[in-house]
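Right, one structure below, let's go through it.
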Amino acid sequence: MRNVITSTMGTCHKRSVVAIFMLVLLLSACGDDDSGSVAPNNEPSSSSVIPGSDPESGNSVKSSNSSADEEKFSSAESSSSVMPQSSEDLQSSSSKKQESSSSIESSSSSANNVDCSALLEEEKENGKWSWDIPKECRFNPNIDYGTMTDERDGKVYRTVKIGNQVWMAENLNYSDSSTTPSLKGKCWCYNREPKNCDVTGRLYTWAAAIDSVKLANDADNPLDCGSDKICGLSDTVQGICPPGWHLPSYAEWDTLVLALGGRFNVAVGTLLKSQSGWDKGSGNGTDAFGFCALPAGISDVNTGFAPSGEFKYGGNETNFWSSTEEDDEEESYSAVCMNLYTSDGGPFRELKNAGISVRCLKN
Numbered sequence: 148m149r150n151v152i153t154s155t156m157g158t159c160h161k162r163s164v165v166a167i168f169m170l171v172l173l174l175s176a177c178g179d180d181d182s183g184s185v186a187p188n189n190e191p192s193s194s195s196v197i198p199g200s201d202p203e204s205g206n207s208v209k210s211s212n213s214s215a216d217e218e219k220f221s222s223a224e225s226s227s228s229v230m231p232q233s234s235e236d237l238q239s240s241s242s243k244k245q246e247s248s249s250s251i252e253s254s255s256s257s258a259n260n261v262d263c264s265a266l267l268e269e270e271k272e273n274g275k276w277s278w279d280i281p282k283e284c285r286f287n288p289n290i291d292y293g294t295m296t297d298e299r300d301g302k303v304y305r306t307v308k309i310g311n312q313v314w315m316a317e318n319l320n321y322s323d324s325s326t327t328p329s330l331k332g333k334c335w336c337y338n339r340e341p342k343n344c345d346v347t348g349r350l351y352t353w354a355a356a357i358d359s360v361k362l363a364n365d366a367d368n369p370l371d372c373g374s375d376k377i378c379g380l381s382d383t384v385q386g387i388c389p390p391g392w393h394l395p396s397y398a399e400w401d402t403l404v405l406a407l408g409g410r411f412n413v414a415v416g417t418l419l420k421s422q423s424g425w426d427k428g429s430g431n432g433t434d435a436f437g438f439c440a441l442p443a444g445i446s447d448v449n450t451g452f453a454p455s456g457e458f459k460y461g462g463n464e465t466n467f468w469s470s471t472e473e474d475d476e477e478e479s480y481s482a483v484c485m486n487l488y489t490s491d492g493g494p495f496r497e498l499k500n501a502g503i504s505v506r507c508l509k510n
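If you're matching positions, the sequence shown starts at 148 in this note's numbering and goes up one per residue.
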């Protein structure tokens, strides 16, 4: 096109003026086409969706089903969608999106914009544990937590290193009884309220905690474990913990206690308990190491004491299963757990049929 216009300008001055004018118009038109062009299968950026936006708001339209198209748009950190103009921009945008996703995964309530301070202050005035406060409001803000994802259901848990051990900093909330039959009829949310599991995890019988069905079906070393049987667990027991983690023995709980200052340290309970939520009778802790033990209570559903209330001690007490049994035949119906009530903490004998919390320890 430019060659044709140039030859015309050499033959006629008047035509050259017109040609120049036409050239300007053509170049202007070409510039408009470039700025408004859209790659195949893409919609203009003005109608693109910011990742994480509400598809029901009516203000955004899904731009494409292809992952390649989605990567061309900026992460939810940006208030507007911008298409990167270079490979460096594209990589930067993709990196920000991954960082944003990681941040969201590490805190399940990050999108709720909860005013923790107001909720905790109201609870403090009432002097009574509230199930309505998200667990994220309970963590010690001065602790640098890690995270782990349970590959079985995608749930994300905070983790903390204390001494040489890495613990989950919150209670297990795994409930897939189709994959793990040991859980059928042997785990509950406090007061049978599903929302309570989001705060303190589930309450498990000891048989559920050790995954007794899996142990019984072990081809090499089948073990018959029940509420009134001593099955003699000696090796590390994964139980219902995620792969790479296991149900701690009481010896491992004792190792934690030693890391806190010793088994005769009467402040063990205070050091492990959360800084808020505990009723006045038992008192809050300092949560100095980030363990964040919440007063999850227990379940009496299968113990024979249900007439006095299926669930009790919520706000006052918490217990955590160990894989350790009482070695006395007369005590075959009980196992050892870690008990936290007031400022102290230590071993406690609990009925295997009781429902209590589970904390997993990294292998």
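Yeah, the Cβ is synthetic: ideal placement off N, Cα and C, and Gly gets one too. Small disclaimer: the values here were computed from a predicted structure and weren't measured.
Cross-strand partners of residue i (DSSP beta bridge)
i    : result
S481 : L498
Q312 : I309
S504 : F467
I445 : K459
W392 : K509
G492 : L487
Y304 : M295
V384 : L394
A440 : K420
E472 : A482
Rounded distance between the beta-carbons of residue j and residue i, thought under 8 Å
i    : j    : result
Q422 : N287 : 6 Å
L403 : Q312 : 6 Å
S490 : G408 : Rounded, the Cβ-Cβ distance is 13 Å, inconsistent with contact.
F458 : N338 : 5 Å
W392 : N510 : 6 Å
T327 : M315 : Not really, about 17 Å apart at Cβ, beyond 8 Å.
Rounded C-alpha distance that separates residue i from residue j
i    : j    : result
C507 : Y351 : 13 Å
N486 : L266 : 27 Å
E270 : G461 : 14 Å
D382 : I357 : 12 Å
W278 : L441 : 11 Å
A354 : G430 : 31 Å
A366 : C263 : 50 Å
L380 : G502 : 20 Å
S222 : K427 : Bear in mind that the predicted position of S222 carries a pLDDT of just 35, short of 50, making it unreliable; the figure below should be weighed with that in mind. The straight-line gap from Cα to Cα measures roughly 45 Å.
P390 : A414 : 32 Å
L319 : S504 : 7 Å
I290 : T433 : 12 Å
L498 : D401 : 20 Å
I445 : W335 : 10 Å
E340 : R349 : 10 Å
T450 : D474 : 20 Å
K333 : V261 : 33 Å
C439 : R496 : 22 Å
T465 : R285 : 15 Å
K308 : A406 : 11 Å
L330 : Y321 : 9 Å
G493 : W276 : 23 Å
K302 : L394 : 18 Å
E317 : V448 : 23 Å
Y292 : C484 : 25 Å
D345 : K282 : 7 Å
N500 : Y304 : 26 Å
Y397 : P369 : 22 Å
N463 : T294 : 27 Å
E399 : K342 : 31 Å
D323 : G310 : 32 Å
E268 : I280 : 11 Å
Y488 : C378 : 29 Å
T347 : A443 : 6 Å
S257 : S325 : Legend: pLDDT at S257 = 44, less than 50; position of this residue unreliable, no value from coordinates given.
Note down, one range per segment and in chain order, each alpha helix (DSSP H) of at least 4 residues found wholly within the stretch 309-378. 341-347, 353-356, 359-363
Below 8 Å, how does it come out for the stretch 461-470 and the stretch 384-404: are there three or more Cβ pairs, yes or no? yes
Does the stretch 478-498 come within contact of the stretch 367-379, defined as at least 3 CB pairs closer than 8 Å? Yes, since at least three Cβ pairs between the stretch 478-498 and the stretch 367-379 fall closer than 8 Å, the two stretches touch.
Would you be able to state if there are at least three C-beta pairs under 8 Å between the stretch 295-306 and the stretch 357-366? no
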